[in-house]
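Undergrad:
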Amino acid sequence: MNLISVVLPVKNNAAVLPNLLADLKQQNYQNFEVIFVDNNSVDQTYQQLVAFKRLSGIPTTIISQRIRQSIGVSYNQAIDHSNGKYVMFLTPKMRLHPSWLAQVSQTATTKQADIVGYNGQNQQFNDPQDLIASYLVGQTPMSVAGMLINKKLAHSIKFDSKLSMHAETFFLYSIFRNTKSAIFLGGSVRPQIVSKKLISKLNIYKLSRY
């Protein structure tokens, strides 16, 4: 089993973070570490990270920043602290199926893929030009969130902090240009982004239980 480094930048995400932390604890795949980059949170986010590190039993690193920085810079810091063969970038509003890490790890190992993600179509690309063409027409994910990426590939490219909000787009484009094999899965096992409306409903449900 290959070690996966799960990377998660956070800033004042105490309202939504417990859901994702619970998902990480419930993963069927056990060989992973979590690297948090806390960008000077002033709510209970940092305390939640510390509790996760102390109680989850999952190898955890917390990088605390006291200055404002982009998510791309946070991703780069986490890559530098990662120990896994693969990295997976997450955002606080994501939810992970309990089998997601197991599925992408098994696929990457058996298929010798540099990238494993989800697009609902069960596609494999062994030619970067075909992958880029698919990316440009929106048939592959437009975000790195929830995608498994070979760490050597991610480390060699990294996020360009000068590009600010476009850093992720350029990073993903560069990753696709340089990969030897990428696989995008279908099926019900997939990561999801929780909408603000659903987050509000979840918080109301939690309050109603007490």
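First residue of the sequence shown? That's -5 in our numbering, and the numbers climb one at a time after it.
Built from N, CA and C at the ideal position, the CB exists for glycine as well.
Any idea if N116 is buried or exposed, counting beta-carbon neighbours within 10 angstroms, 16 or more meaning buried?
TA: exposed
Undergrad: Given S68, which residues of its chain have a CB within under 7 Å of its CB, disregarding the five upstream and five downstream residues?
TA: P3, V31, N33
Undergrad: Please report the straight-line C-alpha distance between R171 and Q186, rounded to a whole angstrom.
TA: 25 Å
Undergrad: Where does V183 fall in DSSP's three states?
TA: coil
Undergrad: What are the start and end residues of each continuous alpha helix (DSSP H) run of 4 or more residues lying completely inside the segment 79 to 117, in chain order?
TA: 94 to 105
Undergrad: Using the three-state DSSP reduction, which class does I29 fall into: helix, strand or coil?
TA: strand
Undergrad: Have a look at the DSSP bridge pairing and note the partners of L2.
TA: DSSP output for L2 lists F30 as bridge partner(s).
Undergrad: Compute every distance between the C-beta of K174 and the non-hydrogen atoms of the ligand ADP, then say whether any falls below 7 Å.
TA: For the ligand ADP, the structure offers nothing, since it holds no ligand at all.
Undergrad: Pair every Cβ in the segment 82 to 97 with every Cβ in the segment 41 to 52, then say whether three or more of these pairs are closer than 8 Å.
TA: no
Undergrad: Work out the CA separation of K174 and S168 for me, nearest whole Å.
TA: 12 Å
Undergrad: Quick check on the burial criterion: 16 or more other C-beta atoms within 10 angstroms. Buried or exposed for G132?
TA: exposed
Undergrad: Rounding to the nearest angstrom, what Cα-Cα distance links R184 and Y112 in this structure?
TA: 7 Å
Undergrad: Specify, as a first and last residue, the run of the beta strand (DSSP E) that N144 falls within.
TA: 142 to 144
Undergrad: Whose CA, out of I52, T103, K5, lies closest to the CA of L142?
TA: T103
Undergrad: With a CB to CB cut of under 8 Å and the five nearest residues on each side skipped, what residues in its chain are close to N(-4)?
TA: N25, G78, K79, Y80, S99, A102, T103
Undergrad: Could you check the C-alpha separation between Q42 and D124 for me, to the nearest Å?
TA: 42 Å
Undergrad: DSSP state of S35, grouped into three classes?
TA: coil
Undergrad: Mind checking which residues open and close the beta strand (DSSP E) that includes T55?
TA: Start and end: 54 to 59.
Undergrad: Consult DSSP for F170 and reduce its assignment to one of helix, strand or coil.
TA: If DSSP states are grouped into helix, strand and coil, F170 belongs with the helices.
Undergrad: Would you identify the three-state DSSP class for F165, choosing helix, strand or coil?
TA: helix
Undergrad: Is it buried or exposed, K19, if we count other Cβ atoms within 10 angstroms and call 16 or more buried?
TA: exposed
Undergrad: Spell out a yes or no on whether the segment 60 to 76 and the segment -2 to 17 are touching, meaning 3 or more CB-CB pairs, one atom from each, closer than 8 Å.
TA: yes
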